[in-house]
Amino acid sequence: TLTERLNTVFKKLKGQGKITEENVREAMRQIRLSLLEADVHYKVVKSFVATVQEKAIGVEVLSSITPGQQIVKIVHDELVELLGTRHTQLRLTGVPPYPVLLVGLQGSGKTTTIAKLAHMLKQGGKHRPYLVPADVQRPAAIDQLTALAKQIHAPCYPSKTSDNPVRIAEKAIQEATRAGCDVVLIDTAGRLQVDEPLMAELQKIKEAVNPSDILLVVDAMTGQEAVKVAEAFNERLDLGGVILTKLDGDARGGAALSIKAVIDRPIKFVGIGEKIEDFEPFHPDRMASRILG
Amino acid sequence: FAGKKEIDEELLEELEEILITSDIGFETTQELIETARKQLRRKDINNPESLKQSIKNQMVSLLKPREGRLPIDDLPIAPYVIFFAGVNGVGKTTTIGKLAKNLKARDKKVILAAADTFRAAATPQLALWGEKAGVDVIAHQDGSDPSAVVYDAIQSAQHRLADFVLVDTAGRLHTKKNLMEELKKMCRVADKVMPGAPHEKLLVLDATNGQNALMQAKQFHEAIGLTGLILTKLDSTAKGGVILQIAHEFDLPIYLIGVGEGAEDLQNFDAEAFVQAMF
Ligand SMILES: Nc1nc2c(ncn2[C@@H]2O[C@H](COP(=O)(O)OP(=O)(O)OP(=O)(O)O)[C@@H](O)[C@H]2O)c(=O)[nH]1
Ligand SMILES: Nc1nc2c(ncn2[C@@H]2O[C@H](COP(=O)(O)OP(=O)(O)OP(=O)(O)O)[C@@H](O)[C@H]2O)c(=O)[nH]1
Ligand SMILES: [Mg+2]
Ligand SMILES: [Mg+2]
Chain A
2 TLTERLNTVF
12 KKLKGQGKIT
22 EENVREAMRQ
32 IRLSLLEADV
42 HYKVVKSFVA
52 TVQEKAIGVE
62 VLSSITPGQQ
72 IVKIVHDELV
82 ELLGTRHTQL
92 RLTGVPPYPV
102 LLVGLQGSGK
112 TTTIAKLAHM
122 LKQGGKHRPY
132 LVPADVQRPA
142 AIDQLTALAK
152 QIHAPCYPSK
162 TSDNPVRIAE
172 KAIQEATRAG
182 CDVVLIDTAG
192 RLQVDEPLMA
202 ELQKIKEAVN
212 PSDILLVVDA
222 MTGQEAVKVA
232 EAFNERLDLG
242 GVILTKLDGD
252 ARGGAALSIK
262 AVIDRPIKFV
272 GIGEKIEDFE
282 PFHPDRMASR
292 ILG
Chain B
82 FAGKKEIDEE
92 LLEELEEILI
102 TSDIGFETTQ
112 ELIETARKQL
122 RRKDINNPES
132 LKQSIKNQMV
142 SLLKPREGRL
152 PIDDLPIAPY
162 VIFFAGVNGV
172 GKTTTIGKLA
182 KNLKARDKKV
192 ILAAADTFRA
202 AATPQLALWG
212 EKAGVDVIAH
222 QDGSDPSAVV
232 YDAIQSAQHR
242 LADFVLVDTA
252 GRLHTKKNLM
262 EELKKMCRVA
272 DKVMPGAPHE
282 KLLVLDATNG
292 QNALMQAKQF
302 HEAIGLTGLI
312 LTKLDSTAKG
322 GVILQIAHEF
332 DLPIYLIGVG
342 EGAEDLQNFD
352 AEAFVQAMF
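Just so you know, the protein sequences line up as chains A and B, in that order.
Read in order, the letters of the first sequence are residues 2 to 294 in my numbering.
Read in order, the letters of the second sequence are residues 82 to 360 in my numbering.
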């Protein structure tokens, strides 16, 4: 663990004196290595380590904990601050129905997450979700969301693969109101951030239904490319937040830090399994500990 | 003289950034750069192009031995049973669809086994791919035992004298012991109905994943003894650099790469092309 590595770096430093520039340099190397292993982006690691280095130099060595533990605490606190210190809710502003758009790369977990969001809203008792399958490209994508909607007893728009996603979204808003629902969760096809026509399609959906919230769904195993992906989606759509999925695995999830550092949008929820109930609000302190390993 | 050293440092950082942001990983990056520097020092070369070329050459020599080809026209046995395994959402089902179409176009008789009986609409998804490829799909009810689908599919393949059985499995995180046990059981059942099956156990890896791909390879290999790898989503901006570390640690052929969502977006793994795309 990072704590063990840092303890080794500082083992000559006992409960007296200050943490000096020399022993900090090796500590920073260990922190950098640890964060890169955790998939935090190269550039984000660079600026993060610089910040931590500044805070670490000249710190009084306490007698109650090891210098290694002190540094870890500085790193941990800095991570928590960067990741966002409060759980942010779905943005449901203005007059209902509130459209919520989920976007992201192929296979990141959007369709499953829509069902989880709907289930969470239903459990909350304050909102009535309406599900919209607007992925007409992936084989059986409509079937997938329709089946999930049935599982959670939520109404679902009867999309057809011959429909166009923009038209589906528009018609679904009207249907949702007729069905007495106030939150319209729109599933979209996975797409690469460099696929110009597909990114333009998302902008058209946004213009057509004026979503109250737009969430980027990101796989926790995502590597260095997380930054480019998040930047592109954010630039095109002005995201409301991020949902991190598959946190039930052993990926350290450094993509979370990279994304937050670069686009500064809140990570709102996390997927922690394949079942509908496997969904939680984001906890920055838990994420910080996980990234540190 | 000091100026020369400065260029070195800047160049090294530049190279380090290219390699690390390609998901090659910190340790492997250091090894590549260190080896390149040693090589150049011996030859007393010190220009940026040579350094880059040395790294490229190292990567190609690491990956070239891992280029593999599935036996298609020279099947040692039929039906040739191929399992597709991997974590959630990496592209297993889509890859099977692409391969099925490709094999059918080469006049092979293919049967698909819809052994993901868990995820919503997994069977309809594979069924649609079966339709696209013009091949039959063996499927059971949702929630049924995936091993039963494996058994049924291999038996059908034997009766119909099929060349290939492509087995789709549910996405599973390698950290889930019960799911890994289920996968092991599916392998045992395949061997029971046809000794020696499955003849290929392929791990499908997503090029957008970072260092976790190494863990996936380790755990799946330990669990079922992989025979090969497939790397998908190389049409994305991700470079799939983790495959270098995987190639270094495991003597596993990389058979295919996915370069898109269409039926034609499946290619053989080519070491040179892969390294070229990274730079
Ligand atoms: N273990 C785990 N699996 C998840 C989680 N979220 C989604 N999945 C799985 O990830 C896979 C992909 O999920 P989908 O919902 O189909 O992903 P998607 O983003 O809609 O995919 P595309 O529509 O093809 O872009 C499925 O096997 C899901 O069950 C999670 O939090 N944990
Ligand atoms: N861009 C791109 N997308 C791909 C590629 N291969 C698969 N996909 C997409 O990735 C998403 C997930 O593909 P699936 O075939 O459902 O993945 P899976 O591994 O079977 O997923 P689960 O069964 O849910 O674990 C789909 O949207 C596919 O179209 C590829 O090579 N490139
Ligand atoms: Mg989907
Ligand atoms: Mg699948």
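Glycine included, C-beta positions come from ideal geometry on N, C-alpha and C.
Being a predicted model, the structure only gives us computed values, none of them experimental.
From residue i to residue j, what does the alpha carbon distance come to, in whole angstroms?
{"i": "B:Leu254", "j": "A:Lys44", "result": "29 Å"}
{"i": "B:Asp351", "j": "B:Leu310", "result": "13 Å"}
{"i": "A:Cys182", "j": "A:Cys157", "result": "11 Å"}
{"i": "A:Arg129", "j": "A:Ile153", "result": "12 Å"}
{"i": "B:Ala271", "j": "A:Ser290", "result": "42 Å"}
{"i": "A:Val271", "j": "A:Gly85", "result": "14 Å"}
{"i": "B:Gly341", "j": "B:Ile101", "result": "24 Å"}
{"i": "A:Ala155", "j": "A:Gln124", "result": "12 Å"}
{"i": "A:Ala150", "j": "A:Ala116", "result": "7 Å"}
{"i": "B:Leu143", "j": "A:Lys229", "result": "28 Å"}
{"i": "A:Arg139", "j": "A:Ala180", "result": "27 Å"}
{"i": "A:Glu27", "j": "B:Thr116", "result": "23 Å"}
{"i": "B:Gly84", "j": "B:Lys137", "result": "The pLDDT assigned to B:Gly84 is 48, lower than 50, so where the model puts this residue is not dependable; a value taken from the coordinates is nonetheless given after this. Roughly 26 Å separates the two Cα atoms."}
{"i": "A:Asn235", "j": "A:Tyr99", "result": "20 Å"}
{"i": "A:Glu281", "j": "A:Ala256", "result": "18 Å"}
{"i": "B:Thr175", "j": "B:Leu307", "result": "20 Å"}
{"i": "B:Leu113", "j": "B:Gln139", "result": "7 Å"}
Check the Cβ of residue i against every Cβ in chain A and list those closer than 8 Å, keeping chain order.
{"i": "B:Thr256", "result": "Asp249, Gly250 and Asp251"}
{"i": "B:Val168", "result": "Met222, Lys247 and Gly250"}
With a threshold of 8 Å between beta carbons, is residue i in contact with chain B?
{"i": "A:Leu102", "result": "no"}
{"i": "A:Pro130", "result": "no"}
{"i": "A:Leu149", "result": "yes"}
{"i": "A:Tyr158", "result": "no"}
{"i": "A:Gln145", "result": "yes"}
{"i": "A:Glu82", "result": "no"}
{"i": "A:Glu226", "result": "yes"}
Checking 8 Å against the spacing of the C-beta atoms, do residue i and residue j come in under that value?
{"i": "A:Asp220", "j": "B:Gly170", "result": "yes"}
{"i": "B:Leu193", "j": "B:Ile177", "result": "yes"}
{"i": "A:Ser213", "j": "A:Thr94", "result": "yes"}
{"i": "A:Arg168", "j": "A:Leu203", "result": "no"}
{"i": "B:Ile335", "j": "B:Glu90", "result": "no"}
{"i": "B:Val162", "j": "B:Pro279", "result": "yes"}
{"i": "B:Gly106", "j": "B:Gln326", "result": "yes"}
{"i": "A:Val73", "j": "A:Gln54", "result": "no"}
{"i": "A:Ala177", "j": "A:Tyr131", "result": "yes"}
{"i": "B:Thr318", "j": "B:Gly339", "result": "no"}
{"i": "B:Val231", "j": "B:Ala196", "result": "yes"}
{"i": "A:Leu293", "j": "A:Val101", "result": "no"}
{"i": "B:Phe165", "j": "B:Thr250", "result": "yes"}
{"i": "B:Arg241", "j": "B:Lys190", "result": "yes"}
{"i": "A:Ser163", "j": "A:Ala135", "result": "no"}
{"i": "B:Gly277", "j": "B:Ile158", "result": "yes"}
Starting from residue i, find everything on chain B with Cβ-Cβ shorter than 8 Å and list it in chain order.
{"i": "A:Thr223", "result": "Thr289, Asn290 and Gly291"}
{"i": "A:Lys229", "result": "Thr318"}
{"i": "A:Asp183", "result": "The contacting residues do not exist; A:Asp183 stays about 25 Å from chain B at best."}
Just the chain B side, please: which residues come within less than 7 Å of residue i by C-beta, in chain order?
{"i": "A:Leu217", "result": "Those within 7 Å of A:Leu217 in chain B number zero; the least Cβ separation is about 14 Å."}
{"i": "A:Glu278", "result": "Within 7 Å Cβ-Cβ: nothing; A:Glu278 doesn't reach chain B, min ~15 Å."}
Mind pulling the chain A residues with CB within less than 9 Å of residue i?
{"i": "B:Lys314", "result": "Leu106, Gln107, Gly108 and Leu193"}
{"i": "B:Ala244", "result": "Note that residue 244 of chain B is Asp in the sequence shown, not Ala. Those do not exist, as B:Asp244 stays about 24 Å from chain A at its closest Cβ, beyond 9 Å."}
{"i": "B:Phe107", "result": "Arg33, Leu34, Leu37 and Glu38"}
{"i": "B:Val171", "result": "Gly108"}
Can you check whether the C-beta of residue i is within less than 8 Å of a C-beta belonging to chain A?
{"i": "B:Met140", "result": "no"}
{"i": "B:Asp104", "result": "yes"}
{"i": "B:Ala201", "result": "yes"}
{"i": "B:Gln206", "result": "yes"}
{"i": "B:Met296", "result": "yes"}
{"i": "B:Gly84", "result": "Model confidence at B:Gly84 stands at a pLDDT of 48, short of 50, so the residue's coordinates are unreliable; what they give is reported in the following sentence. False, the Cβ-Cβ gap to chain A never drops below 8 Å."}
{"i": "B:Ile88", "result": "With a pLDDT of 49 at B:Ile88, under the threshold of 50, the predicted position of this residue should be treated as unreliable, though the coordinate-derived value follows. No, its Cβ sits nowhere closer than 8 Å to a Cβ of chain A."}
{"i": "B:Val274", "result": "no"}
Run down chain A in chain order and give the residues with a C-beta less than 7 Å from the C-beta of residue i.
{"i": "B:Leu209", "result": "Pro140 and Ala141"}
{"i": "B:Gly343", "result": "Here the premise fails: no neighbours, minimum Cβ distance about 10 Å."}
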